[in-house]
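Peer 1: One structure coming up, written as structure tokens, with questions to follow.
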């Protein structure tokens, strides 16, 4: 990067990326020998899209207490379907893993495994353009894709998987497949087993298939999920993973079908059927439904994972989490809800395989700081904190508190409380100071969420006044 080249004494780009992906504490180690003059040269050379990043200010904000050496190295090793994984981070079946070279580079970078781009026996014809994005500050908030399955001949793909497993024996290679009828599902699964794949994933969830009766059409039908899963299970000895669609009211219904049919694990979610009104994404002037992914879908993905993890009938099923995972914190949330690994697609498309560095470093740091030695101890650790709405505490309240030193008097909290809350904030237009009216405040925390400065915080939970 130009900033790193100009600095000469440190990897400024790596430091910025570390902050961007939630590893503030380690940012300074990449510029430990850099002076203010070095960082100023880096700032002058910055090619950020709208204005140079204020590099010195950003790094100074991290604080001098930041860790400059990596002494946080708990093992991220975990098993999935009885398969040893060096860490929980996998490439999701998608455009990020369509050939040998791509997957090899990801493995070299540190990814533990791959759910390879879905293999089929039909001829795939893709459209152009096939991607669209909903952006926030030049970043993907959400991402829409019209891509279907692998365009390679299935023989080529299975040869790629065979070579990957031969050349990277410690990595986990999963073949994602989609058949058109039961014999084809079984045949593809047997080819995956013959190619020495560690497991096979049944794609019951692609939302933009050209042919009816495939992809999410199957995933929305519990009987079909059960039938195809059972058929494949009888055909192979390697673990079988069923991939669920979010385009359904209760994901547990098809998931239970797969579970009862013998699936070793469930992966979820695939993309969500969506529409964007972008003329640039039109195909010869036409549009259609297609799959939505990225940061915006994470809460929806977590909801589906929670539903399956809390289902008492499926309490022993292993889960692979997908949907909106960009930072190590995102991954941690899926793990805490019961996932033994996570799959990443959109974030890799936007930032590259290199994000694995911060995914692993961040998770290791969290484990180190919390005295957690085994990743297994984090799996499902937050499930106990999720209850039915009827079981939530409704007799206490947490009032917000305004930090006068951080408040800039923008009035955002006042406007939002007046027009979207409970009219519990007054605002002095002369001093530009907001004030919370305790007798009106219901503790909804809309004010805290809209504050751009983080100047509104939580107070102690107390009993509501009768």
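Residue numbers (the working numbering): 63 to 528.
We treat Cβ as the ideally placed atom computed from N, Cα and C, and that holds for glycine.
Of all the options 150, 245, 83 and 229, which has the alpha carbon lying nearest to the alpha carbon of residue 257?
Peer 2: Position 195 of the chain shown, counted from the start, is the residue given in the question as residue 257. Considering only alpha carbons, the answer is 229.
Peer 1: Over the uninterrupted alpha helix (DSSP H) stretch that includes residue 245, give me the two end residues.
Peer 2: Here residue 245 refers to the residue found at position 183 of the chain shown. Counting along the chain, the alpha helix (DSSP H) containing residue 245 begins and ends at 244-256.
Peer 1: Does residue 65 have its Cβ less than 9 Å from a Cβ in chain D?
Peer 2: Absent from the structure is chain D; it holds one protein chain and no more.
Peer 1: In three-state DSSP terms, what is residue 351?
Peer 2: By one-based count along the chain shown, residue 351 stands at place 289. Coil, per DSSP.
Peer 1: Can you tell me whether residue 72 is buried or exposed? The criterion is at least 16 other CB atoms within 10 Å of its CB, across all chains shown.
Peer 2: For the purposes of this step, residue 72 is taken as residue 10 along the chain shown, with counting starting at 1. Buried: at least 16 other Cβ atoms inside 10 Å.
Peer 1: List, from N- to C-terminal side, the beta strand (DSSP E) runs of 3 residues or more that fit wholly inside the segment 308-378.
Peer 2: Counting whole runs of 3 or more residues, the segment 308-378 contains the beta strand (DSSP E) stretches 327-330, 334-336 and 352-355.
Peer 1: Could you tell me if residue 88 is buried or exposed, where buried requires 16 or more neighbouring beta carbons within 10 angstroms of its beta carbon?
Peer 2: Within the chain shown, the letter at position 26 stands for residue 88. Residue 88 should be labelled buried.
Peer 1: In angstroms with no decimal places, state the Cα-to-Cα distance between residue 392 and residue 420.
Peer 2: As a position in the chain shown, residue 392 is number 330, starting the count at 1. As a position in the chain shown, residue 420 is number 358, starting the count at 1. Roughly 12 Å separates the two Cα atoms.
Peer 1: Flag this pair as touching only if the segment 154-164 and the segment 404-411 have three or more C-beta atom pairs under 8 Å; answer yes or no.
Peer 2: Output reads yes: the segment 404-411 touches the segment 154-164.
Peer 1: Keeping to the same chain, check which residues put their C-beta closer than 7 Å to that of residue 367; ignore five residues upstream and five downstream.
Peer 2: The sequence position of residue 367 within the chain shown is 305, counting from 1. Counting only Cβ-Cβ distances below 7 Å, and skipping sequence neighbours, we find 330, 381, 383, 396, 399, 400 and 401.
Peer 1: Going by beta-carbon coordinates alone, are residue 345 and residue 191 separated by less than 9 Å?
Peer 2: By 1-based counting over the chain shown, the position of residue 345 is 283. By 1-based counting over the chain shown, the position of residue 191 is 129. In this structure, residue 191 lies closer than 9 Å to residue 345 by Cβ.
Peer 1: Which residues does DSSP list as the beta-bridge partners of residue 151?
Peer 2: For the purposes of this step, residue 151 is taken as the residue at position 89 of the chain shown. Bridge partners of residue 151: 404.
Peer 1: So, with DSSP's three-state summary, where would you put residue 138?
Peer 2: Against the chain shown, residue 138 aligns to sequence position 76. In this structure, residue 138 counts as coil in the three-state DSSP scheme.
Peer 1: Helix or strand or just coil, what does DSSP make of residue 519?
Peer 2: Along the chain shown, read from residue 1 onward, the residue named residue 519 stands at position 457. Strand.
Peer 1: Is any heavy atom of the ligand FMN found at a distance shorter than 8 Å from the C-beta of residue 444?
Peer 2: The model depicted lacks the ligand FMN and carries no ligand whatsoever.
Peer 1: Taking residue 180 as part of the beta strand (DSSP E), name the residues at either end of that continuous run.
Peer 2: The residue you call residue 180 lines up with position 118 of the chain shown. Here the beta strand (DSSP E) through residue 180 covers 175-181.
Peer 1: Would you identify the three-state DSSP class for residue 470, choosing helix, strand or coil?
Peer 2: By 1-based counting over the chain shown, the position of residue 470 is 408. Coil.
Peer 1: In whole angstroms, give me the CA-to-CA distance for residue 149 and residue 501.
Peer 2: In the chain shown, counting from the first residue as 1, residue 149 sits at position 87. In the chain shown, counting from the first residue as 1, residue 501 sits at position 439. The alpha-carbon atoms of residue 149 and residue 501 are separated by roughly 51 Å.
Peer 1: In the structure shown, what three-state DSSP assignment does residue 448 receive?
Peer 2: Taking the chain shown and counting its residues from 1, the one referred to as residue 448 is at position 386. Note: residue 448 maps to coil in three-state DSSP.
Peer 1: Just to confirm my understanding: we take residue 130, look at its own chain, exclude 5 residues before and 5 after, and list those with CB closer than 6 Å. What are they?
Peer 2: In the chain shown, the residue the question calls residue 130 occupies position 68. Any reading at residue 130 is ruled out, since the residue's pLDDT is 47, under 50, leaving its predicted position unreliable.
Peer 1: Within 10 angstroms of the Cβ of residue 435, are there 16 or more other Cβ atoms? Answer buried if so, exposed if not.
Peer 2: One-based indexing of the chain shown puts residue 435 at position 373. Its Cβ having fewer than 16 others within 10 Å, residue 435 is exposed.
Peer 1: If residue 300 and residue 359 are in contact, beta carbons under 8 Å, what's the gap, nearest whole angstrom?
Peer 2: Mapped onto the chain shown, residue 300 falls at position 238. Mapped onto the chain shown, residue 359 falls at position 297. Contact doesn't hold; Cβ gap of about 29 Å is too wide.
Peer 1: Since residue 172 contacts residue 147 with CB under 8 Å, what's their CB separation in whole angstroms?
Peer 2: In the chain shown, counting from the first residue as 1, residue 172 sits at position 110. In the chain shown, counting from the first residue as 1, residue 147 sits at position 85. Actually they do not touch by this definition, with Cβ atoms about 12 Å apart.
Peer 1: Excluding sequence positions up to five away, which residues of its chain have a Cβ less than 6 Å from the Cβ of residue 519?
Peer 2: As a working mapping, residue 519 is identified with position 457 in the chain shown. 463, listed in sequence order.
Peer 1: Nearest-angstrom Cα distance between residue 143 and residue 195?
Peer 2: By one-based count along the chain shown, residue 143 stands at place 81. By one-based count along the chain shown, residue 195 stands at place 133. Roughly 34 Å between the two C-alpha positions.
Peer 1: DSSP three-state label for residue 282, please.
Peer 2: Here residue 282 refers to the residue found at position 220 when the chain shown is read from its first residue. Coil, per DSSP.
Peer 1: Does the distance from the C-beta atom of residue 213 to that of residue 293 stay below 9 Å?
Peer 2: On the chain shown, residue 213 is found 151 positions in, with the first residue counted as 1. On the chain shown, residue 293 is found 231 positions in, with the first residue counted as 1. Contact flag unset, no.
Peer 1: Starting from the C-beta of residue 373, find all residues in its chain whose C-beta is less than 6 Å away, skip the five residues before and the five after it, and write them out in chain order.
Peer 2: Here residue 373 refers to the residue found at position 311 of the chain shown. Result list for residue 373: 314, in chain order.
Peer 1: In angstroms with no decimal places, state the Cα-to-Cα distance between residue 369 and residue 284.
Peer 2: Along the chain shown, one-based indexing puts residue 369 at 307. Along the chain shown, one-based indexing puts residue 284 at 222. Approximately 16 Å between the Cα atoms of the pair.
Peer 1: For the alpha helix (DSSP H) containing residue 495, list its first residue and its last residue.
Peer 2: As a working note, residue 495 is residue 433 in the chain shown. Note, residue 495: premise wrong, no alpha helix (DSSP H); beta strand (DSSP E) at 495-498.
Peer 1: What does the Cβ neighbour count give for residue 188, buried or exposed, with the cut at 16 atoms within 10 Å?
Peer 2: The residue labelled residue 188 in the question sits at position 126 within the chain shown. So residue 188 counts as exposed.
Peer 1: What are the boundary residues of the beta strand (DSSP E) that includes residue 198?
Peer 2: For this step, residue 198 is matched to residue 136 along the chain shown. Counting along the chain, the beta strand (DSSP E) containing residue 198 begins and ends at 193-198.
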